[in-house]
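Participant:
Protein chains in written order, with our numbering: chain Y, 340 to 602; chain L, 595 to 861.
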């Protein structure tokens, strides 16, 4: 009994401690990203742009390819059901709405987690193991300003940008399959899509993508700073960075889906 | 003996206590480091000497005690003040800690680019001078992974010297190097010391380094200072641990035989 109480208590304390450390990290990042530059403490613009290219531009080929294919798959799957009611023209509505509200933001976030969330954790973790983080501090360079803020800002810009293109690519994927394989009229598909989408769909997707970006960057950075030991520690934390990040992305997705259902 | 050494303290450590969880690593360490001297912190593995160094440069906060640098309390000052003092400090890490994503030249130039408003051409020249100083002239364009262990440590020293510090800290400078390269590094430490009138704090377990560079030595065992003074004073001190360390005699295990057996059987 006492063992049970002890374990529960320790677990609760540890999670509280983790939450506290994430909060410190969040406040510190926001401070160095938005407050410090206004006070003339500078922002590492070049490094931010490099990270933006790495996270955003370089992930475009794979993200666009995968979202295109998912658009096509969705069109095929929905035609399977809709054809029975002679309603194949509604494939356009289904693909368009699902892409904007749900699938494009989610797929983009998951792919960028795999590409860049893991890279952030591995980079910071390796630097920690090699005492490079300590070296920064001893030189009087703040690791948050130097390492975290460029990645954070780049992620905040890159994920929404890539998401918009992914939405487009997914709709094109649906369009290509429906017109070529199912043989629906192209102009009718475009008309249906235009009629089905409302600005709120886009807003829903974009709001989600911003929060996904926050999740990916903070989980990546937090796991990176947790690394201890050698190469093994880096591997472990990188794995857990991806798993935690995808799990939290799904939770965030659920929360916002429920929220937007009622708003 | 080093003619630059003074009797004016630059670092004063008072009753420093540090613990990891319940385990006390440093148990009330006190000593002074004088301006311009080479102060060697010597001790066996796990005696707390690296922890002591991490506290001196502010990478860790002590549980109790104070560290005064130039008479200011380093442990209690604001982050901004600490950053200012750090710009006057250099540190050489055990594994060199060069940034793997940058060239050797960019590594050395980094503190200058971040902390000064110098022209890029001036920074270039200063980088070349610092690398020349440690015998790495012409290596600006190399990546750290292309250097040998000894060269990495030299490059780390060049980076530590970039801001012309007043104090420099070395964490195990000769660890993992062959005796010739290690002796070369010791000579370099000596050269920096005499050319720039630096205060150097060296953490090591190598007696050979002590003979080459030390003005004064602080002997640490199990988180406590057991002896402190010049090399001659240390050699003359009758402390059994110091004598054992200098004669490289292994720990006497015979007396703990009973304890050892008990720990195995759990009785």
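Just so it is clear, CB atoms sit at the ideal spot from N, CA and C, and this is done for glycine as well.
All values reported here derive from a predicted model rather than from experimental measurement.
1. So if DSSP puts residue 798 of chain L in a beta bridge, which residue, or which two residues, is it bridged to?
2. Is residue 471 of chain Y close to chain L? Criterion is C-beta to C-beta, closer than 8 Å.
3. To which residues does DSSP link residue 813 of chain L through a beta bridge?
4. Determine the direct distance from the alpha carbon of residue 599 of chain Y to that of residue 721 of chain L, and round the result to whole angstroms.
5. According to the Cβ coordinates, are residue 676 of chain L and residue 760 of chain L closer than 8 Å?
6. Does the segment 444-458 of chain Y come close enough to the segment 668-675 of chain L to have 3 or more Cβ pairs within less than 8 Å?
7. I'd like to know if residue 364 of chain Y contacts chain L, where contact means its C-beta is closer than 8 Å to some C-beta of that chain.
8. Please state if the CB of residue 751 of chain L and the CB of residue 782 of chain L are separated by a distance shorter than 8 Å.
9. Given that residue 474 of chain Y touches chain L, what residues does it touch there, using C-beta distances under 7 Å?
10. Output, in sequence order along the chain, the residues in the segment 700-734 of chain L whose CB is closer than 8 Å to any CB in chain Y.
11. Taking 7 Å as the limit between beta carbons, can you name the residues of its chain near residue 510 of chain Y, skipping five residues before and five after?
12. Check residue 621 of chain L in the structure and name its three-state DSSP category.
13. Of all the options L:763, L:784, L:711, which has the alpha carbon lying nearest to the alpha carbon of residue 728 of chain L?
14. Quick one: residues in its chain with C-beta nearer than 8 Å to the C-beta of residue 617 of chain Y, no 5 flanking neighbours on either side, listed in chain order?
15. Identify whether residue 686 of chain L lies in helix, strand or coil by the three-state DSSP scheme.
16. Counting beta carbon pairs with one atom in the segment 478-488 of chain Y and one in the segment 370-386 of chain Y, are three or more of them shorter than 8 Å?
17. Where are the beta strand (DSSP E) runs, 3 residues long or more, that stay fully inside the segment 714-772 of chain L, in chain order?
18. Under a CB-based cut-off of 8 Å, is residue 862 of chain L close to chain Y?
19. For residue 771 of chain L, decide whether its Cβ has a neighbour in chain Y, counting only Cβ atoms nearer than 8 Å.
20. Leaving out the 5 sequence neighbours to the left and right, which residues in its chain are closer than 6 Å to residue 466 of chain Y when beta-carbon positions are compared?
21. By the three-class DSSP mapping on this structure, what secondary structure does residue 603 of chain L have?
22. Quick test of your reading: residue 775 of chain L and residue 731 of chain L, contact by CB under 8 Å. State the CB separation rounded to the nearest angstrom.
Facilitator: On the basis of the coordinates in this document:
1. As a working note, residue 798 of chain L is residue 204 in the second chain. Beta-bridge pairing links residue 798 of chain L to L:636.
2. Numbered from its first residue, the first chain carries residue 471 of chain Y at position 132. With 8 Å as the cut-off, residue 471 of chain Y counts as an interface residue toward chain L.
3. Position 219 of the second chain, counted from the first residue, corresponds to residue 813 of chain L. The partner list for residue 813 of chain L (beta bridge, DSSP) reads L:636, L:821.
4. Here the question's residue 721 of chain L lines up with position 127 in the second chain. Here the question's residue 599 of chain Y lines up with position 260 in the first chain. A straight line joining the alpha-carbon of residue 721 of chain L with that of residue 599 of chain Y spans about 56 Å.
5. Residue numbering aside, residue 676 of chain L sits at position 82 when the second chain is read from its first letter. Residue numbering aside, residue 760 of chain L sits at position 166 when the second chain is read from its first letter. No, these two residues do not count as a Cβ contact at 8 Å.
6. Touching, no.
7. Taking the first residue of the first chain as position 1, residue 364 of chain Y is located at position 25. Judged by the 8 Å Cβ criterion, residue 364 of chain Y is not in contact with chain L.
8. Here residue 782 of chain L refers to the residue found at position 188 of the second chain. Here residue 751 of chain L refers to the residue found at position 157 of the second chain. Cβ atoms of residue 782 of chain L and residue 751 of chain L: closer than 8 Å.
9. Position 135 of the first chain holds residue 474 of chain Y. The answer, in chain order, is 687, 691.
10. 704, 705, 708, 709
11. Indexing the first chain from 1 puts residue 510 of chain Y at position 171. These residues qualify, in order along the chain: 410, 434, 435, 438, 532.
12. As a first step, residue 621 of chain L must be located in the second chain, where it is residue number 27. Correct three-state label for residue 621 of chain L: strand.
13. Position 134 of the second chain, counted from the start, is the residue given in the question as residue 728 of chain L. Ranking L:763, L:784, L:711 by Cα distance to residue 728 of chain L puts L:784 first.
14. Residue 617 of chain Y is absent from the structure shown; chain Y starts at 340 and stops at 602.
15. Residue mapping note: residue 686 of chain L aligns to position 92 of the second chain, counting from 1. DSSP places residue 686 of chain L in strand when its eight states are reduced to three.
16. Taking one beta carbon from each stretch, the segment 370-386 of chain Y and the segment 478-488 of chain Y have 3 or more pairs nearer than 8 Å; the two touch.
17. With a minimum length of 3 residues, the continuous beta strand (DSSP E) runs that stay inside the segment 714-772 of chain L are 761-765.
18. Summary: the structure shown does not reach residue 862 of chain L, with chain L confined to residues 595 through 861, and so no result is reported for it.
19. Position 177 of the second chain, counted from the start, is the residue given in the question as residue 771 of chain L. With 8 Å as the cut-off, residue 771 of chain L does not count as an interface residue toward chain Y.
20. For the purposes of this step, residue 466 of chain Y is taken as residue 127 along the first chain, with counting starting at 1. The answer, listed in chain order, is 472.
21. Here the question's residue 603 of chain L lines up with position 9 in the second chain. Note: residue 603 of chain L maps to strand in three-state DSSP.
22. The residue given as residue 775 of chain L occupies position 181 in the second chain. The residue given as residue 731 of chain L occupies position 137 in the second chain. Actually they are not in contact, since the Cβ atoms of residue 775 of chain L and residue 731 of chain L sit about 18 Å apart, beyond 8 Å.
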